[in-house]
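If you use our numbering, the sequence shown corresponds to residues 1 to 180, in order.
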Amino acid sequence: MRKLAAYTIPFVGLKIGSHGFEYEIGKELFEHFEYEDFNNANLHVDLVLDKKATMMELFFETSGTVNVNCDLTNEPFDMPISGSLRLVVNFGDEFNDENEELLILPHGEYEINIAQYVYEIIVLAVPHKRIHPGIEDGTLKSDVLDKLEELSPKGTNEDNDNEENIDPRWNKLKNLLNDK
Numbered sequence: 001m002r003k004l005a006a007y008t009i010p011f012v013g014l015k016i017g018s019h020g021f022e023y024e025i026g027k028e029l030f031e032h033f034e035y036e037d038f039n040n041a042n043l044h045v046d047l048v049l050d051k052k053a054t055m056m057e058l059f060f061e062t063s064g065t066v067n068v069n070c071d072l073t074n075e076p077f078d079m080p081i082s083g084s085l086r087l088v089v090n091f092g093d094e095f096n097d098e099n100e101e102l103l104i105l106p107h108g109e110y111e112i113n114i115a116q117y118v119y120e121i122i123v124l125a126v127p128h129k130r131i132h133p134g135i136e137d138g139t140l141k142s143d144v145l146d147k148l149e150e151l152s153p154k155g156t157n158e159d160n161d162n163e164e165n166i167d168p169r170w171n172k173l174k175n176l177l178n179d180k
C-alpha cells in the first residue's frame, strides 16, 4: 500500500473551498491493481476537491494515451482516452462505498485515498473494442491483416447467384415471414 501514498489526500488540514491536485499516471498504478491490458500509459489527472463544512466533492478529469494491443491484429498502438467522475464524500457512522457517486467515510477520518477512483476512471474510459487507427484508414500493413484478407469470403455476387439454387423448402419458409 505504500506505493499508493501519492494518491492519499489529507483533507483535515485543508481550508473550506476548492483545492486542485494534479497526477501523472504511468503503468505503475495498473501494475498495483494487477491490470495487464495496458502495455504503457501516459495520462494526466486533474482533481478539484471542493471542501465544505460537512462534506466534500471531488471532480476528476483525465486525459492522455494508453498503449494497448489491437483486437484484430494484436499490433500495439497508443489509444487516446478521456474520462471524468464526480464523487461526493460524506461522513457517517461507518465506511460505505456501495454507491459509485457517493462515498461515506467514518467520522474522525482525516485522509482519503483516490487511487481506486483514478484506476476506475481510466479503465472504464477505454472502449471495449480496440481497433488500430491504421486499419480504419488502410495504412497499417500487417501479416495478420493479409491473412484475414486472404481467408475472408470472396464475391458477394456469387452469393446472389446461389440464392437461385436454394432448396425450394427454404423458399417456402421465407414465405412464412412475408405472409403477415
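By construction, the Cβ of each residue, glycine as well, lies at the ideal position given by its N, Cα and C atoms. Since the model is a prediction, treat every value here as computed from it, not as a measurement.
Check: Measuring CB to CB, does Val68 end up less than 8 Å from Phe38?; Outcome: yes
Check: Please work out which residues of its chain come closer than 6 Å, Cβ to Cβ, to Gly134, disregarding the five sequence neighbours upstream and downstream, and give them in chain order.; Outcome: Leu140
Check: Let me make sure I understand the geometry here. Which of Asp146, Tyr117 and Glu136 has the alpha-carbon closest to that of Asp46?; Outcome: Tyr117
Check: Taking only beta-carbon positions, decide if Leu47 is within less than 8 Å of chain C.; Outcome: Within the model displayed, chain C is absent; a lone protein chain is all it includes.
Check: Following the continuous beta strand (DSSP E) through Val68, name the residue where it begins and the one where it ends.; Outcome: Met56 to Asn69
Check: Check whether the region 47-56 touches the region 70-82, counting contact only when three or more Cβ pairs, one atom from each stretch, lie closer than 8 Å.; Outcome: no
Check: What number of angstroms, rounded off, separates the C-alpha of Asp97 from the C-alpha of Asn171?; Outcome: 58 Å
Check: Return the chain-ordered list of same chain residues with a C-beta closer than 8 Å to the C-beta of Met1, the five sequence neighbours on each side being excluded.; Outcome: Low confidence applies here, because Met1 scores a pLDDT of 45, under 50, leaving its location unreliable; read the following figure in that light. Taken in chain order, the list of residues that qualify is empty.
Check: Rounded to a whole number of angstroms, what is the C-alpha to C-alpha distance between Arg169 and Lys129?; Outcome: 39 Å
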